[in-house]
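See structure below.
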Amino acid sequence: MSSQARHECGRAWTACWGAALLILPWLFLAPLRAGEMTLDYQLEPRQIAPGVWIFEGSDGDFDRSNGGNILNTGFIETDAGAVVIDPGPTQLYGAQMRAAIERVTDNGIARVYITHRHPDHVVGAQAFSDSPVYALPHTRNALEIDGEALLDGLFRLLGDWMRDSQAVHPDHEAVPGPERIGDRALRFIAWGGHSGQVASDLAILDEQTGVLFAGDLVFNGRAPTTPHADLDAWRKALDAILAMRPQMIVPGHGSAPTTMQAVEETREWLQWLETHLRDAAQRGVSIGEALTLPIDERFSDWSLARHEYVRSVNHLYPEYRDAVLHWNTERAPAP
Ligand SMILES: [Zn+2]
0 MSSQARHECG RAWTACWGAA LLILPWLFLA PLRAGEMTLD YQLEPRQIAP GVWIFEGSDG
60 DFDRSNGGNI LNTGFIETDA GAVVIDPGPT QLYGAQMRAA IERVTDNGIA RVYITHRHPD
120 HVVGAQAFSD SPVYALPHTR NALEIDGEAL LDGLFRLLGD WMRDSQAVHP DHEAVPGPER
180 IGDRALRFIA WGGHSGQVAS DLAILDEQTG VLFAGDLVFN GRAPTTPHAD LDAWRKALDA
240 ILAMRPQMIV PGHGSAPTTM QAVEETREWL QWLETHLRDA AQRGVSIGEA LTLPIDERFS
300 DWSLARHEYV RSVNHLYPEY RDAVLHWNTE RAPAP
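Residue numbering for the sequence shown follows numbering that gives the first Met the number 0, beginning at 0 and increasing consecutively.
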């Protein structure tokens with residue numbers, strides 16, 4: 000190789016190494032940058048009626064790809080500020096939700112309402128700590144008792160999405176009944192069933208548009224969760240919503256907004272679940288067998304149907320089985 004050629008080659012190598020040195024840091028940074036990107040919930044408010052906005056979450060379960068954005072949240076504009084409904088699962092969600100709200104309205108935040116005790120609806124309230132945060136007494140008590148434990152569970156599921164998240168203790172009591180906030184007439188309703196037996200689940204009706212934020216009393220195309228459920232009380236709450244006939248419903252989970260059909264379907268699932276579990280208990284089915292029983296085909300295309308069915312068997316089946324055992328013991332012939 001001539002010295003000229005070596006020189007050319009050397010220049011080429013120098014250029015290559017130069018380029019490599021420029022690229023290498025980017026190769027190392029790229030995964031970090033991608034990781035940073037995933038901590039953006041990309042919340043875009045959608046107006047579903049005049050002054051009524053929602054943020055629609057996925058219909059999946061908690062995981063690190065969605066950061067717990069598996070629920071529907073929203074806000075109602077008033078001239079006294081926005082009324083925020085369920086500030087989401089993490090401090091980060093709450094902060095990004097607040098930024099998105101402040102892009103829509105200059106009136107600030109009037110109040111934050113938490114519909115019930117489950118952490119996906121609660122933790123984001125941290126980002127609104129300079130505004131009053133309201134919840135029903137049942138919810139406030141539950142968060143006082145096990146707010147920290149719920150937070151631990153979310154840390155395990157969501158990892159880095161939970162950075163800076165802390166337990167939330169709502170500082171104001173939500174009072175059922177009509178109330179005017181700024182120029183808007185709202186109605187607060189305390190139903191039970193999803194997260195407790197009585198007055199555990201807050202729903203908020205905007206009188207002007209007829210939009211009902213139903214919290215987790217209504218699911219849409221996604222199997223209902225039952226860790227603190229009272230199925231009988233829940234069905235009664237759904238009957239009350241059916242009687243109320245709101246114009247539009249924002250369900251806690253699943254496609255939003257929705258109609259009365261989702262109320263009827265949530266009720267059908269609960270009715271089926273109860274009949275199915277009672278029937279299995281009466282037939283002496285073990286809990287292990289109950290977990291594998293088929294799900295009614297009406298719900299076959301619902302998101303997380305098997306997952307939630309299995310959770311519900313674990314929560315609820317022992318009670319049905321014990322009721323049958325108790326019934327049999329009471330009627331056993333005396334020895
Ligand atoms: Zn929920």
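Don't be surprised by glycine CBs; every beta carbon is placed ideally from N, CA and C.
What did DSSP end up calling residue i once you bin it into helix, strand or coil?
i	result
threonine 208	coil
tyrosine 308	helix
arginine 340	No answer is possible for residue 340: the residues shown for the chain start at 0 and end at 334.
proline 250	strand
alanine 29	With a pLDDT of only 43 at alanine 29, under the threshold of 50, the placement of this residue in the model should not be trusted; the figure read from the coordinates follows. The answer is helix: DSSP assigns alanine 29 an H, G or I state.
threonine 37	helix
alanine 261	helix
isoleucine 69	coil
tryptophan 52	strand
isoleucine 108	strand
arginine 282	coil
aspartate 119	helix
arginine 45	strand
isoleucine 113	coil
isoleucine 75	strand
tryptophan 12	Below a pLDDT of 50, predicted positions are generally treated as unreliable, and tryptophan 12, at 42, falls in that range; the measurement from the model is reported next regardless. Reduced to three states, the DSSP call for tryptophan 12 is helix.
Hey, quick one: how far does the beta strand (DSSP E) through residue i stretch, first residue to last?
i	result
leucine 156	It is not in any beta strand (DSSP E) - leucine 156 instead sits in the alpha helix (DSSP H) that spans 136-157.
alanine 81	81-84
Among residues of its own chain, excluding the 5 on either side of residue i, which ones have a beta-carbon nearer than 7 Å to its beta-carbon?
i	result
phenylalanine 187	Ala173, Val174, Pro175, Gly176, Glu178, Leu201, Ile203
tryptophan 301	Gly220, Arg221, Ala222
proline 161	Position check: residue 161 holds methionine in this sequence, whereas proline was assumed. Around methionine 161: Thr89, Leu153, Phe154.
serine 311	Thr225, Leu272
alanine 94	Ala126
glycine 146	Ala166, Val167, His168
tryptophan 190	Asp200, Ala202, Leu216, Ala236, Ala239
What residues in its chain sit with their C-beta under 6 Å from that of residue i, if we drop five residues either side in the sequence?
i	result
leucine 156	Phe61
isoleucine 100	Phe74, Ala81
isoleucine 144	none
Which same chain residues, not among the five before or five after residue i, have their C-beta less than 8 Å away from its C-beta?
i	result
proline 49	Gln207, Thr208
isoleucine 69	Gly56, Ser57, Asp58, Gly59, Asp60, Phe61, Pro88, Asp119, His252
threonine 77	Gly50, Asn106, Ala109, Ile180, Gly181, Asp182, Arg183
aspartate 229	Gly191, Gly192, Gly195, Gln196
Kindly indicate the opening and closing residues of the alpha helix (DSSP H) around residue i.
i	result
glutamine 90	90-103
Would you please verify whether the beta carbon of residue i is less than 8 Å from any beta carbon of chain C?
i	result
alanine 134	Structure shown: chain C not included; a single protein chain is present.
As an exercise, report each continuous beta strand (DSSP E) stretch of at least 3 residues that is fully enclosed by the region 164-234, in chain order. 176-180, 183-190, 200-205, 210-219
Neighbourhood of ligand 1 [Cβ distance below 6 Å to any heavy atom], ordered by chain position: Leu70, His117, Asp119, His120, Asp215, Gly251, His252
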